[in-house]
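*Asks:*
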Amino acid sequence: MKDLFTPYKMKGLELRNRIVLPPMCQYSVEKKDGIANEWHYMHYVSRAIGGVGLIIIEMTDVEPDGRISDYDLGLWCDEQIEPLKKIVDECHKYGAKVAIQIAHAGRKAEDAEIPVAPSPIQFDDKSKTPKELSTEEVKEIVDKFRLSVKRAIKAGFDAIEIHGAHGYLIHQFHSPLTNKRSDEYGKDLTKFGVDIIKAAKSEMPKDMPLIMRISAVEYVENGYGIETSIKLSKAYKEAGADIFHISAGGEGKIAAAGKPGTHAAYQVPYAKAIKEALNADVIAVGRLDEPELANAVIGNEEADLVAVGRAMFRNPYWPLEAAIKLNKKVDLPRQYELGFPRNILNK
Numbered sequence: 029m030k031d032l033f034t035p036y037k038m039k040g041l042e043l044r045n046r047i048v049l050p051p052m053c054q055y056s057v058e059k060k061d062g063i064a065n066e067w068h069y070m071h072y073v074s075r076a077i078g079g080v081g082l083i084i085i086e087m088t089d090v091e092p093d094g095r096i097s098d099y100d101l102g103l104w105c106d107e108q109i110e111p112l113k114k115i116v117d118e119c120h121k122y123g124a125k126v127a128i129q130i131a132h133a134g135r136k137a138e139d140a141e142i143p144v145a146p147s148p149i150q151f152d153d154k155s156k157t158p159k160e161l162s163t164e165e166v167k168e169i170v171d172k173f174r175l176s177v178k179r180a181i182k183a184g185f186d187a188i189e190i191h192g193a194h195g196y197l198i199h200q201f202h203s204p205l206t207n208k209r210s211d212e213y214g215k216d217l218t219k220f221g222v223d224i225i226k227a228a229k230s231e232m233p234k235d236m237p238l239i240m241r242i243s244a245v246e247y248v249e250n251g252y253g254i255e256t257s258i259k260l261s262k263a264y265k266e267a268g269a270d271i272f273h274i275s276a277g278g279e280g281k282i283a284a285a286g287k288p289g290t291h292a293a294y295q296v297p298y299a300k301a302i303k304e305a306l307n308a309d310v311i312a313v314g315r316l317d318e319p320e321l322a323n324a325v326i327g328n329e330e331a332d333l334v335a336v337g338r339a340m341f342r343n344p345y346w347p348l349e350a351a352i353k354l355n356k357k358v359d360l361p362r363q364y365e366l367g368f369p370r371n372i373l374n375k
């Protein structure tokens with residue numbers, strides 16, 4: 029049976045285990061130039077030392093006004109490549125593979141003077157009314173995704189994730205709530221995402237997998253549910269997506285009391301449903317902090333990979349602690365061997 033520490037392979041991507049650090053914004057760019065700095069280096073490399081299989085670098089945007097805030101990473105210019113390459117190279121030294129999430133925030137770009145969207149609909153009463161993109165401008169953004177992926181390849185990433193979840197621009201295009209267009213990108217709500225996947229694949233090596241992140245349900249009145257997200261995912265798989273990273277929400281708030289998001293593994297059923305409907309590999313995420321629970325998700329074949337986010341904020345060595353609990357052998361930095369039980373040392 030597969031477990032959390034069973035190696036994983038998809039095309040040319042080979043992982044030492046099935047533990048993923050999901051993309052979580054650090055809001056730590058200092059000069060508003062989108063360039064990764066020492067904080068990003070320390071944050072990601074420490075998780076590589078801690079034993080994670082796949083690190084997905086946080087939401088990295090295709091243009092300055094495509095960021096959630098001015099303090100987010102970007103890949104819209106060549107100057108942003110080398111600092112990311114430094115992170116990737118160092119993570120590789122400690123056995124982790126590294127992907128990057130390429131994105132555009134659309135109407136949720138808080139610091140953009142005039143955010144853009146498929147239709148001029150505010151996110152909420154406190155948000156700016158976005159500018160509706162012309163058809164030509166939509167095609168230009170597709171090409172910006174392509175160029176960002178091209179830069180990511182130069183930086184040495186092992187996989188690419190396209191962000192189609194959490195109410196950001198691709199999600200805005202494939203959601204009936206936010207796409208009221210009459211052009212080709214309104215008649216086919218998946219066209220924007222499909223075009224981006226095809227553009228990304230045109231720059232990627234053939235043995236490099238593309239991960240597509242989607243929100244399986246919207247958690248908002250009249251929002252779409254799992255049936256719609258399965259249809260979306262099928263279109264994205266046909267376009268070239270290899271792995272699906274299944275989250276939820278983004279249009280509307282997930283509240284803290286008595287609403288989705290308050291119980292362990294609350295998004296795993298969505299990952300399982302999409303895995304089964306598409307016969308595709310999926311990453312499950314959402315309150316999977318306990319190693320025994322994360323391990324069960326893999327063992328029960330509900331998902332192929334498990335993303336552990338907030339727990340790895342608290343403990344960069346979560347995978348090593350999980351190995352102790354699950355009695356699994358791992359490779360440890362020799363400097364840390366004295367701190368761990370001998371039975372988990374892969375010797």
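Quick note, the sequence shown lines up with residues 29 to 375 if you use my numbering. From the three backbone atoms N, C-alpha and C, an ideal C-beta is built for every residue, glycine too.
Could you tell me whether the stretch 150–158 touches the stretch 90–109, where touching means 3 or more Cβ pairs closer than 8 Å?
*Replies:* No, they do not touch.
*Asks:* With DSSP as the reference, please indicate the residues paired to residue 129 in a beta bridge.
*Replies:* Partner(s): 189.
*Asks:* Can you tell me whether residue 200 is buried or exposed, with buried defined as 16 or more other CB within 10 angstroms of its CB?
*Replies:* It counts as buried.
*Asks:* Among residues of its own chain, excluding the 5 on either side of residue 211, which ones have a beta-carbon nearer than 7 Å to its beta-carbon?
*Replies:* So the qualifying residues of the chain are 163.
*Asks:* Runs of 4 residues minimum, wholly inside the stretch 285–339: which ones carry the alpha helix (DSSP H) assignment?
*Replies:* Runs found: 296–306 and 319–327.
*Asks:* Using a 10 Å radius around the Cβ and a threshold of 16 neighbouring Cβ atoms, would you call residue 49 buried or exposed?
*Replies:* Under this definition residue 49 is a buried residue.
*Asks:* For the candidate residues 57, 373 and 309, whose alpha-carbon lies nearest to that of residue 363?
*Replies:* Comparing Cα-Cα distances from residue 363 to each of 57, 373 and 309, the minimum goes to 373.
*Asks:* Compute the distance between the beta-carbons of residue 240 and residue 181, then report whether it is under 8 Å.
*Replies:* No, the Cβ-Cβ distance between residue 240 and residue 181 is not below 8 Å.
*Asks:* Specify, as a first and last residue, the run of the alpha helix (DSSP H) that residue 163 falls within.
*Replies:* 163–182 is the span of the alpha helix (DSSP H), which, as asked, contains residue 163.
*Asks:* Can the beta-carbon of residue 238 be found closer than 8 Å to that of residue 254?
*Replies:* No, Cβ-Cβ distance for residue 238 and residue 254 is not below 8 Å.
*Asks:* Which value, in whole angstroms, describes the spacing of the CA atoms of residue 113 and residue 324?
*Replies:* Answer to the nearest angstrom: the Cα atoms are 34 Å apart.
*Asks:* Looking at the structure shown, is residue 88 part of a helix, part of a strand, or coil, going by DSSP?
*Replies:* Strand at residue 88.
*Asks:* In the structure shown, what three-state DSSP assignment does residue 385 receive?
*Replies:* Only positions 29 to 375 of the chain appear in this structure, which leaves residue 385 out of reach.
*Asks:* Applying the 10 Å Cβ sphere with the 16-neighbour rule, what's the burial state of residue 276?
*Replies:* Buried.
*Asks:* Any idea what DSSP makes of residue 29, helix, strand or coil?
*Replies:* Reduced to three states, the DSSP call for residue 29 is coil.
*Asks:* Excluding the 5 residues preceding and the 5 following residue 248 in the sequence, name in chain order all residues of the same chain whose CB lies nearer than 6 Å to its CB.
*Replies:* Answer for residue 248: 279 and 280, listed in chain order.
*Asks:* Work out the CA separation of residue 371 and residue 131 for me, nearest whole Å.
*Replies:* Going by the C-alpha atoms only, they are around 42 Å apart.
*Asks:* In the DSSP assignment, what residue or residues form a beta bridge with residue 99?
*Replies:* Note: residue 99 sits in no beta bridge, so no partner.
*Asks:* List the whole-angstrom C-beta distance separating residue 84 from residue 189, where the pair is believed to meet the contact cut-off of C-beta under 8 Å.
*Replies:* Going by Cβ atoms, the distance from residue 84 to residue 189 rounds to 6 Å, so yes, they are a contact pair.
*Asks:* Please confirm whether residue 242 and residue 193 have their CB atoms less than 8 Å apart.
*Replies:* It is a contact, given that the beta carbons lie within the stated cut-off.
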